[in-house]
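First to last, the protein sequences are chains A and B.
Numbering of the first sequence is given in the numbering used here, commencing with residue 1155 and proceeding in unit increments.
Numbering of the second sequence is given in the numbering used here, commencing with residue 1155 and proceeding in unit increments.
In this text, a Cβ means the ideal position worked out from N, Cα and C, and glycines have one as well.
Notes to accompany the following structure.
Protein chains: 2
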Amino acid sequence: MRLGPLLGPDLEEILRTDPSQVTELAEELHPADLAELMSVLATEDAVRLLNALPEAPAVAALDELELPRRVELFGVLDRDRAARFANLMAPDERADLFAELPDEVRTGLLARMEQEEVKDVRQLLRYPETSAGGLMTTAFVALPGDMPVEKAIEEVRAKAPETETIYDAYAVDPNGTLLGAVSLRDLVLGRPGEKLQTLMDPSVVSVGPEADREEVARLFAKYDLLAMPVVDLQTRRILGIVTVDDVVDVIEAERTEDIQRLAAVEPIEEAYFATGFLTFVRKRASWLILLFVEEMFTSNAINHYEWVAIKVASLQLYYPLIISSGGNSGSQSSALIVRSLAVGDVTLSDWARVVLREIGLGVALGLILAFIGFFRVTLPFPFGLGNPMQLAVAVSMALVGVVTLGSVVGATLPMVFRRLGFDPAVSSAPFIASMVDVVGLVMYFNIAIWILRLQR
Amino acid sequence: MRLGPLLGPDLEEILRTDPSQVTELAEELHPADLAELMSVLATEDAVRLLNALPEAPAVAALDELELPRRVELFGVLDRDRAARFANLMAPDERADLFAELPDEVRTGLLARMEQEEVKDVRQLLRYPETSAGGLMTTAFVALPGDMPVEKAIEEVRAKAPETETIYDAYAVDPNGTLLGAVSLRDLVLGRPGEKLQTLMDPSVVSVGPEADREEVARLFAKYDLLAMPVVDLQTRRILGIVTVDDVVDVIEAERTEDIQRLAAVEPIEEAYFATGFLTFVRKRASWLILLFVEEMFTSNAINHYEWVAIKVASLQLYYPLIISSGGNSGSQSSALIVRSLAVGDVTLSDWARVVLREIGLGVALGLILAFIGFFRVTLPFPFGLGNPMQLAVAVSMALVGVVTLGSVVGATLPMVFRRLGFDPAVSSAPFIASMVDVVGLVMYFNIAIWILRLQR
């Protein structure tokens, strides 16, 4: 639903004249739609809307609002009202907010908030944003293992308004150590008098707070989870839970990041039109410059073999064809391996098998292109350029070499990056292409020297 | 967890000598782990395992097993046993299986299955695999709107073993028309005697069976859903529900597909090592050939301007540098727009704003590269190639032109593909690069003719 164009002008009018009318809106709209509205309104109108709404729907919408906008609004809201909102927000969304707030706003809010909420924020901020600890919420239901079912249902009922999900509760011992998961399904299906210990799932899948969010997403996908506890790996105390709605958001965010990285753009979190011109320039220029500098070596390569290029002027006709074929095959291999590494189909220890496979694939694909290339070079116009047979042989051989090189480099570079602790997706298609371009040209010149028996 | 290496040899031994021992395994392992085991075992061992397991865990594992393997196993299992498994499988997983089974196996199974299950398979197979109808399951709880809470809880309890989720039930009228959603949370929190009509959510988000799975995923992400009803858009009758675990799988699958498409690989569903050599060649060769043919026009371009290239031999030093800069900037823009179109940040009607923005970005980024390029051309070795000032001006101007061209083509092509009804992601980085290469070279030659005042 694109609310902006529909509600925009009228709503702005109402907000400026009689903001109290918008309370109805809160009843009609889903918090996610209310959040969407806040993200398309001008800042001052969004603040008017937040001030006019009752607290509960305002907080629900803030929980859904995209982070950069949320940070912006908290910076301009009345500090006391903002602190009340912060007290009521979902712990995980609140922690994300505080991680991004300017220092001055953060201290101002923390000074006005309830003690317990301040402690909660501090605790959650200990973990990196992209870790399980950074994703988790502290609003979950923990129950003693010896509690009977009917009592547990009552506890769950009572805690429902302030917990993130009531579909999964957790049985703990008096120290808070996780004993097992108790789903609402188990509770509803349980016999009266039955203790949690006997109906819980003791082999519940859990992670430590430092686990990467990609790993968390993988476990949710594999085990079809709705929620997963995050536990201290030493004491097994339960620290919080991650819920599936946040995991869906994580996967969508990682998907955007993958695509941007693979296209050599520094990750951009905001929407296309919400991102400033200078931000775009910055996020794109750094990679473009790096790739440009990398690609400069092609000029050196051509310069070095200038005598060859002067002797056989037609060589230059095929520079782009040859180097782009290497780049294309490299970008295919790198995409396949980046994704296989991410889902765990391929691990670093498979490197030798991968290299062997890519050599085979590169040779097979290179031969196909070489076959087409051969006719392209020798056939007369309009199908080809009517160049001599020997040049065609040199171009064809160079194609096999460069496509194989591209395949191998494209497949191994992501593994090297993973080994060095970087995101394999930074070995983007353009990055691989520029590497392959230089070596590909050198290969082409040397094959030409050999086949055409050239001498200085 | 990588079970293969751990359990492999011993387990194979047991399966071949005394398969009855594996029943314990079924109690210890999560169905997802059992499925992982089946996917790493040799086919005959996986069949032995399936035959040795009790029916319930065997079916649970089959529901989790990746589709190509599932199809393979159903092809070799004893037909009667396979039909019993099929009767018990989750309706959505079963439909996916039947969509892929060879005709002969499918008819053999349908002839042996229960009438009701056969009808269910036929109904679900009416919808394309990538639609909401193809994702949905028919195992959901529908209850009359005037049913009181305590009765509803009992119904939910009774139907729990055969439904996909009990966390969302649906209130319907006698014709099966959807009235609203009733979550288990609502039921547990409801007062005895309260009717479903009063506690249900009447504005539940739903889709038609033809909706694309990307749209389904977008709604789940936006509204933090656990399940969503699929309704006939005319009659509003509820046809099935989509559950969040399948949506997580969809997003992961789409993520893989995006990455492959953007790197010019036809989507490959199976794992890297599970995909055959020839499949890889086929999925990669089609695109490589297309790009190769597209790139051939660069040879024509250079051939056409051969007189220029002969007069100023140093022109060729910068072919790769210039064309790759256009391709890089194009791949950045296309990735940004492909993703923005997918999440809905940019729509087709925004095209003019996008083009204007990309022109601005292209010029800015092009100027940055032109600045570096200028010194690269003029400075003496080792920093540059010591070429004359005029050539440097030509190279710099060509860089601004080609980077802008890349930006604009990269941003508009995905929109054109969307308009024509294709997946915007097929406007992959390599595809855009090849287009930009040809035009970029022509631009470079013409700028050189103009700046260097060349004449035939």
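DSSP bridge partner residues for residue i (one or two, in chain order)
i                 : result
Gly1391 (chain B) : It should be noted that the sequence gives Arg, not Gly, for residue 1391 (chain B). Beta-bridge pairing links Arg1391 (chain B) to B:Thr1331.
Pro1383 (chain B) : B:Ile1395
Thr1284 (chain B) : According to DSSP, which records beta bridges pairwise, Thr1284 (chain B) is partnered with nothing at all.
Ser1337 (chain A) : A:Asp1322
Ala1296 (chain A) : A:Tyr1324
Val1361 (chain A) : A:Val1384
Residue i versus residue j: straight-line alpha-carbon distance, rounded
i                 : j                 : result
Ile1526 (chain A) : Ala1215 (chain A) : 59 Å
Met1450 (chain B) : Leu1567 (chain A) : 28 Å
Phe1529 (chain B) : Leu1471 (chain A) : 26 Å
Pro1474 (chain A) : Ile1443 (chain A) : 20 Å
Arg1276 (chain B) : Thr1261 (chain B) : 12 Å
Glu1304 (chain A) : Leu1332 (chain B) : 32 Å
Phe1427 (chain A) : Arg1493 (chain B) : 13 Å
Val1611 (chain A) : Ala1439 (chain A) : There is no way to answer for residue 1611 (chain A), as the model of chain A reaches only from 1155 to 1610.
Glu1369 (chain B) : Pro1282 (chain B) : 14 Å
Glu1182 (chain A) : Gly1362 (chain B) : 22 Å
Thr1171 (chain B) : Val1259 (chain B) : 29 Å
Arg1248 (chain A) : Leu1350 (chain B) : 34 Å
Ala1253 (chain B) : Val1402 (chain B) : 21 Å
Gly1560 (chain A) : Ile1513 (chain A) : 10 Å
Val1201 (chain B) : Asp1274 (chain B) : 26 Å
Pro1211 (chain A) : Ser1503 (chain B) : 32 Å
Ala1375 (chain A) : Met1243 (chain B) : 19 Å
Ala1371 (chain B) : Leu1278 (chain B) : 19 Å
Thr1352 (chain A) : Pro1302 (chain A) : 10 Å
Residues of its chain near residue i, where Cβ-Cβ distance is below 6 Å and the 5 sequence neighbours each way are ignored
i                 : result
Pro1534 (chain A) : Gly1540
Gly1229 (chain B) : Val1259
Arg1223 (chain A) : Ser1193
Leu1264 (chain A) : Val1272
Val1616 (chain B) : In this structure chain B extends from 1155 to 1610, so residue 1616 (chain B) is not present and cannot be described.
Thr1292 (chain B) : Pro1245, Asp1274, Gly1394
Residue nearest to residue i in terms of C-alpha spacing, selected from the options
i                 : options                                    : result
Leu1255 (chain B) : B:Arg1233, B:Glu1268, B:Glu1270            : B:Arg1233
Tyr1324 (chain A) : A:Val1342, A:Val1358, A:Glu1283            : A:Val1358
Leu1515 (chain B) : A:Lys1437, A:Glu1460, A:Phe1537            : A:Lys1437
Glu1423 (chain A) : A:Ser1550, A:Ala1579, A:Thr1177, A:Ala1407 : A:Ala1407
Leu1379 (chain B) : B:Asp1366, B:Arg1391, B:Ile1395            : B:Ile1395
Leu1179 (chain A) : A:Glu1198, A:Asp1199, A:Leu1203            : A:Leu1203
Trp1461 (chain A) : A:Pro1363, A:Leu1231, A:Ile1603, A:Thr1317 : A:Ile1603
Ala1681 (chain A) : A:Asp1340, A:Ala1286, A:Gly1287, A:Val1557 : For residue 1681 (chain A) there is no data in the structure shown, the boundaries of chain A being 1155 and 1610.
Met1192 (chain A) : A:Glu1218, A:Met1382, A:Arg1170, A:Ala1236 : A:Glu1218
Ser1485 (chain A) : A:Met1551, A:Ser1588, A:Pro1356, A:Val1194 : A:Ser1588
Leu1490 (chain B) : A:Ile1413, A:Leu1353, A:Phe1239            : A:Ile1413
Thr1317 (chain A) : A:Asp1246, A:Arg1610, A:Ser1483            : A:Asp1246
Leu1606 (chain A) : A:Val1466, A:Gly1498, A:Tyr1459            : A:Val1466
Glu1209 (chain B) : B:Pro1185, B:Glu1190, B:Leu1195, B:Asp1199 : B:Pro1185
Val1547 (chain B) : B:Arg1235, B:Ile1601, B:Leu1165, B:Arg1390 : B:Ile1601
Met1569 (chain B) : B:Val1213, B:Ser1487, B:Arg1409, B:Phe1434 : B:Ser1487
Arg1266 (chain B) : B:Gln1609, B:Ala1237, B:Ala1286, B:Thr1284 : B:Ala1237
Close-in-space but distant-in-sequence residues of the same chain around residue i (CB under 7 Å, 5 per side omitted)
i                 : result
Ile1320 (chain A) : Val1295, Val1310, Ala1314, Leu1338
Ala1418 (chain A) : Trp1441, Leu1445, Ser1582, Pro1584, Phe1585
Ala1518 (chain B) : none
Leu1387 (chain B) : Gly1362
Gly1538 (chain A) : Phe1529, Arg1530, Val1531, Thr1532
8 Å Cβ cutoff met for residue i and residue j
i                 : j                 : result
Gly1575 (chain A) : Leu1553 (chain A) : no
Leu1393 (chain A) : Val1404 (chain A) : no
Arg1572 (chain B) : Leu1510 (chain B) : no
Arg1415 (chain A) : Asp1577 (chain A) : yes
Leu1221 (chain B) : Asp1250 (chain B) : yes
Leu1545 (chain B) : Ser1483 (chain B) : no
Asp1400 (chain A) : Leu1231 (chain A) : no
Leu1595 (chain B) : Ala1455 (chain B) : yes
Gly1299 (chain A) : Asp1322 (chain A) : no
Ile1476 (chain B) : Val1549 (chain B) : yes
Residues near residue i in its chain [Cβ-Cβ closer than 8 Å; skip 5 each side]
i                 : result
Glu1226 (chain B) : Thr1197
Asp1355 (chain A) : Gly1334, Ala1335, Val1336, Ser1337, Asp1340
Check: residue i C-beta below 7 Å from any heavy atom of the ligand ADP
i                 : result
Asn1541 (chain B) : Here there are no bound small molecules, and the ligand ADP is not part of this structure.
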